[in-house]
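Chains as they are written, first to last, in our numbering: chain E, 595 to 899; chain C, 10 to 387. Every residue, glycine too, gets a C-beta built ideally from N, C-alpha and C. In this text the structure is predicted, and so the values were computed from the model without any measurement. To start, the structure under review is shown below, and the notes come after it.
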Amino acid sequence: MNAIDVQNLVKRYGDKTVVNDVTMSVAEGEISGFLGPNGSGKTTTIRVMCGLLTADSGGGTVLGFDLKTEQHKIKNQVGYMTQKFSFYEDLSIEENLDFVARLHQLSPYKQYVRETLDTLGLTSRRHQLAGSLSGGWKQRLALAACIMHKPKLLLLDEPTAGVDPKARREFWDEIHALAANGMTVLVSTHYMDEAERCHRINYISYGNLLASGTVQEVIDGAHLATFVVEGQQINTVAKALKSLPGVDQVAPFGNSLHVVGQDEKQLSQTLARHSNELAYSYHLGETSLEDVFIQFMANSADNMQ
Amino acid sequence: MNRFFSLVRLLALLAKETIQMRRDHITFGMMLGVPLMQLILFGFAINNDPKALPAALVTNSHDQYTRAMVTALEMTGYYRFSHIAVSPAEAEALIADGSVSFVVTVPSDFARRIERGDRPQILVEADATDPSVASGAISTLSSVASKAISRAQGLEAQLARQKGQQLEVVVHKRYNPEGITQYNIVPGLLGVILQMTMVMMTSMALTRETERGTMENLLAMPATSLEIMLGKVLPYLAVGAVQVSVVLIAAKLLFNVPFAGSMPLLLTGILIFVSALVLLGYTISTVAKTQMQAMQLTFFYFLPSLLLSGFMFPFRGMPIWAQYIGEMFPLTHFLRVVRAVMLKGADYQAVQKPMSVLLLFTLGFATIALLRFRKTLD
Numbered sequence: 595m596n597a598i599d600v601q602n603l604v605k606r607y608g609d610k611t612v613v614n615d616v617t618m619s620v621a622e623g624e625i626s627g628f629l630g631p632n633g634s635g636k637t638t639t640i641r642v643m644c645g646l647l648t649a650d651s652g653g654g655t656v657l658g659f660d661l662k663t664e665q666h667k668i669k670n671q672v673g674y675m676t677q678k679f680s681f682y683e684d685l686s687i688e689e690n691l692d693f694v695a696r697l698h699q700l701s702p703y704k705q706y707v708r709e710t711l712d713t714l715g716l717t718s719r720r721h722q723l724a725g726s727l728s729g730g731w732k733q734r735l736a737l738a739a740c741i742m743h744k745p746k747l748l749l750l751d752e753p754t755a756g757v758d759p760k761a762r763r764e765f766w767d768e769i770h771a772l773a774a775n776g777m778t779v780l781v782s783t784h785y786m787d788e789a790e791r792c793h794r795i796n797y798i799s800y801g802n803l804l805a806s807g808t809v810q811e812v813i814d815g816a817h818l819a820t821f822v823v824e825g826q827q828i829n830t831v832a833k834a835l836k837s838l839p840g841v842d843q844v845a846p847f848g849n850s851l852h853v854v855g856q857d858e859k860q861l862s863q864t865l866a867r868h869s870n871e872l873a874y875s876y877h878l879g880e881t882s883l884e885d886v887f888i889q890f891m892a893n894s895a896d897n898m899q
Numbered sequence: 010m011n012r013f014f015s016l017v018r019l020l021a022l023l024a025k026e027t028i029q030m031r032r033d034h035i036t037f038g039m040m041l042g043v044p045l046m047q048l049i050l051f052g053f054a055i056n057n058d059p060k061a062l063p064a065a066l067v068t069n070s071h072d073q074y075t076r077a078m079v080t081a082l083e084m085t086g087y088y089r090f091s092h093i094a095v096s097p098a099e100a101e102a103l104i105a106d107g108s109v110s111f112v113v114t115v116p117s118d119f120a121r122r123i124e125r126g127d128r129p130q131i132l133v134e135a136d137a138t139d140p141s142v143a144s145g146a147i148s149t150l151s152s153v154a155s156k157a158i159s160r161a162q163g164l165e166a167q168l169a170r171q172k173g174q175q176l177e178v179v180v181h182k183r184y185n186p187e188g189i190t191q192y193n194i195v196p197g198l199l200g201v202i203l204q205m206t207m208v209m210m211t212s213m214a215l216t217r218e219t220e221r222g223t224m225e226n227l228l229a230m231p232a233t234s235l236e237i238m239l240g241k242v243l244p245y246l247a248v249g250a251v252q253v254s255v256v257l258i259a260a261k262l263l264f265n266v267p268f269a270g271s272m273p274l275l276l277t278g279i280l281i282f283v284s285a286l287v288l289l290g291y292t293i294s295t296v297a298k299t300q301m302q303a304m305q306l307t308f309f310y311f312l313p314s315l316l317l318s319g320f321m322f323p324f325r326g327m328p329i330w331a332q333y334i335g336e337m338f339p340l341t342h343f344l345r346v347v348r349a350v351m352l353k354g355a356d357y358q359a360v361q362k363p364m365s366v367l368l369l370f371t372l373g374f375a376t377i378a379l380l381r382f383r384k385t386l387d
């Protein structure tokens with residue numbers, strides 16, 4: 595059974611379609627990445643999945659419970675970490691955890707809270723107001739509060755935004771530890787390195803799910819050719835290449851350029867034709883996930899116009 | 010695990026709300042300080058039957074009749090002659106700028122005309138911009154003045170004989186024989202103070218969560234609409250209880266307002282009223298999108314309820330349509346209960362009707378709030 599199985603989800607605000615016919619599934623115990631540009635509908639989709647929003651059409655199951663009729667059961671077994679810190683800043687760390695533990699009817703709740711505080715290493719600071727914590731600690735507290743009731747499914751909405759690299763690394767280690775114990779995780783993110791830490795990824799843009807699969811499947815599925823171009827006048831070359839036939843994107847990577855196109859043959863012809871005139875050398879490279887996403891974004895921006 | 014209601018979850022919400030309320034020092038202090046401050050301020054300040062109003066006397070004659078009349082007027086307690094023997098022009102200026110509320114003009118031939126047996130006229134000009142200021146003072150005027158003159162003439166005995174056959178009207182002011190405004194105002198203030206704090210605080214209950222972004226989290230956790238509502242309003246019942254104690258004790262100690270009726274009956278009435286108020290506030294918070302809107306809605310409700318409930322002006326004195334509007338405010342019905350029980354010593358039979366209406370308000374607001382509450386962010 596899949597932890598998440600939703601079909602044809604549609605969510606509209608007025609005449610704006612925020613989620614457009616999204617069908618996706620997340621297998622039990624897997625870490626699934628949810629990617630897409632700002633305003634692409636990630637948060638809305640996650641909110642529909644945890645019962646915070648009702649879909650205009652479409653439906654499905656989360657943890658085997660129907661999205662429309664069994665929202666209460668879903669809420670009991672799902673942990674949802676919001677994008678913005680949404681615990682009570684005027685309650686202390688311990689009081690926040692007390693509140694969550696009791697709402698989930700954990701018994702004896704004090705013991706759960708004590709264990710959580712211990713794991714977090716916040717026992718000595720438990721009387722501190724949550725509002726006075728730094729961004730990284732708020733994120734850790736939020737995660738701890740979300741998993742206190744041992745949910746089967748964890749929904750994380752851009753959990754690492756504004757968190758330093760070390761805290762991000764630790765955060766992901768924890769996510770992997772949780773998944774190893776059988777928890778299913780759906781995590782939305784902007785970061786490519788985080789996407790590569792997921793078992794599978796889903797790419798959504800302007801409400802449309804454009805790709806799903808493992809990182810390699812998504813890269814292969816995009817059918818892109820990437821050439822690495824090296825030369826002296828890298829900036830001039832970049833400018834010149836941009837408008838040539840077969841070139842979809844040119845992105846600088848250190849001293850080289852990644853030139854990406856959908857048609858490998860046309861692209862290599864173009865590069866061959868201009869290599870002498872512009873004084874560069876080139877070779878076929880690996881298409882990265884980022885190249886694929888930028889391609890997706892460029893394409894869907896075209897579709898919007 | 011109960012799907013609709015769990016005591017454990019309610020207790021969690023109650024604990025959280027109580028801590029938040031306690032930690033918001035300014036609001037918490039306000040909830041306890043406001044009732045006392047308002048009670049003292051309004052209790053002492055508002056007076057529907059004002060006494061010792063400043064008056065100016067315009068006269069040229071210094072005869073015994075004028076003196077007798079002035080003394081008699083001052084004896085009523087309504088007049089205090091702050092300006093004596095001013096010119097008509099000065100008097101005009103005094104009443105125009107509000108320095109005096111009355112100008113009493115005694116003609117220069119006043120004494121001569123009395124002795125001649127004419128009916129001399131004196132002119133009393135009253136500043137009637139606030140009718141309630143003038144009414145009491147004016148009503149005492151003519152009888153007091155003519156009695157004073159008769160006495161000065163030594164004709165009192167004769168006058169009494171003459172008027173012996175005339176109708177005598179005996180007025181008893183009941184429940185508040187001395188006509189002490191505070192007896193009316195203080196019980197009313199209890200209702201007004203409760204309404205002010207209870208509705209305002211609870212009207213922000215949900216909008217505060219929405220504005221702080223905590224609503225999303227709260228809704229994602231398994232708390233039901235009923236639990237959230239009770240969690241939000243019950244702590245305010247406790248605050249209300251404190252306010253009630255403060256006001257009732259102050260009413261007794263500071264204003265000596267009589268407690269004629271049964272305390273349990275009064276407290277029952279108060280409990281129902283406060284429940285109606287917190288649920289009204291909560292209903293407002295399900296409608297408002299921001300705390301600012303909640304505040305505006307609350308004030309939109311306050312003013313008509315103050316003016317049309319019978320707190321400020323006599324309810325029966327309003328036109329019928331205004332009375333109908335007045336009936337829509339819980340405060341109106343509470344005022345009937347509290348005044349009847351405190352001042353008249355009414356029993357349950359006598360206040361059954363307003364009590365039932367208050368109960369209906371409570372249930373009505375709770376239903377609307379539960380129906381309006383969205384368990385999603387749509």
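For the pair ARG128(C) and ASP58(C), the Cα-to-Cα distance works out to about 30 Å. Around the Cβ of MET337(C), a 10 Å sphere holds fewer than 16 other Cβ atoms; the residue is exposed.
Neighbours of THR219(C) in chain E, taken as residues whose beta carbon is under 7 Å from its own, are absent, since the nearest beta carbon is some 11 Å off.
Against chain C, the beta carbon of LYS669(E) has neighbours under 7 Å at ALA229, MET230, PRO231, listed in chain order. GLN204(C) carries a helical assignment under DSSP once its states are collapsed to helix, strand and coil. Note on GLY42(C): under 16 other CB atoms within 10 angstroms of its CB, so exposed under the neighbour-count rule. In this structure ILE202(C) is in contact with PRO44(C), their Cβ atoms being roughly 4 Å apart against a cut-off of 8 Å. Within chain C, the residues whose beta carbon sits less than 8 Å from that of ARG696(E) are VAL17, ARG18, LEU20, ALA21, ALA24, listed in sequence order. Listed in chain order, the non-local C-beta contacts of ILE158(C) below 8 Å within the same chain comprise TYR74, ALA77, MET78, ILE123, local neighbours out to five positions each way being set aside.
For GLN889(E), the closest C-alpha among the options LEU818(E), LYS859(E), SER701(E), HIS868(E) is that of LEU818(E). Contacts with chain C at 8 Å (Cβ-Cβ) do not include ASP660(E). With a beta-carbon spacing of about 7 Å, TYR785(E) and THR754(E) fall inside the 8 Å limit used to define contacts. DSSP lists VAL112(C) as the bridge partner or partners of GLU134(C). Taken in chain order, the complete alpha helix (DSSP H) segments of 4 residues or longer contained in the segment 814-882 of chain E are 828-836, 858-872. Comparing alpha carbon positions, the residue from LEU227(C), MET230(C), VAL242(C) closest to THR211(C) is VAL242(C). Excluding residues up to 5 positions away in sequence, GLU218, ILE237 lie with their Cβ nearer than 8 Å to the Cβ of LEU227(C) in the same chain. Contact annotation: in the segment 24-40 of chain C, residues whose CB is within less than 9 Å of a CB in chain E are ALA24, LYS25, ILE28, GLN29, ARG32, ASP33. The segment 743-763 of chain E and the segment 637-644 of chain E touch, with no fewer than 3 CB-CB distances between them shorter than 8 Å. The alpha-carbon of ASP599(E) is positioned some 10 Å away from that of PHE659(E).
Distance from the CA of ARG720(E) to the CA of ALA738(E), rounded to the nearest whole angstrom, comes to 13 Å. Residue pairing from DSSP leaves LYS669(E) without any beta-bridge partner. Beta-bridge partners assigned by DSSP to ILE189(C): none are found. Taking a Cβ-Cβ threshold of 8 Å, the residues of chain E close to ARG12(C) are HIS666, in chain order. The beta-carbon separation of LEU367(C) and PRO339(C), rounded to 6 Å, stays under the 8 Å limit for a contact. Here the C-alpha atom of PHE821(E) lies approximately 9 Å from the C-alpha atom of LEU861(E).
Within chain C, the residues placing a beta-carbon under 8 Å from that of THR648(E) are THR385, ASP387, ordered along the chain. At a cut-off of 8 Å, the C-beta of THR216(C) has no neighbouring C-beta in chain E.
Distance from the CA atom of MET777(E) to the CA atom of GLY623(E), rounded to whole angstroms, is 5 Å.
Within the segment 602-645 of chain E, the complete beta strand (DSSP E) runs of at least 3 residues fall at 610-621, 625-629. Taking PHE51(C) as the centre and dropping the five residues before and after it, the same chain places the C-beta of LEU198 closer than 6 Å to its C-beta, in chain order.
In the structure shown, the three-state DSSP call for ARG719(E) is helix. What THR864(E) touches in chain C, judged by beta-carbon distance under 8 Å, is nothing: the nearest beta carbon there is about 49 Å away.
Annotated three-state conformation of VAL43(C) is helix, per DSSP.
Across the segment 783-799 of chain E, no CB contact with chain C closer than 9 Å is found for any residue. Going by DSSP, VAL346(C) is part of the alpha helix (DSSP H) stretching over 339-348.
Chain-ordered, the chain C residues with CB closer than 9 Å to the CB of LEU685(E) read LYS25, ILE28, GLN29, ARG32.
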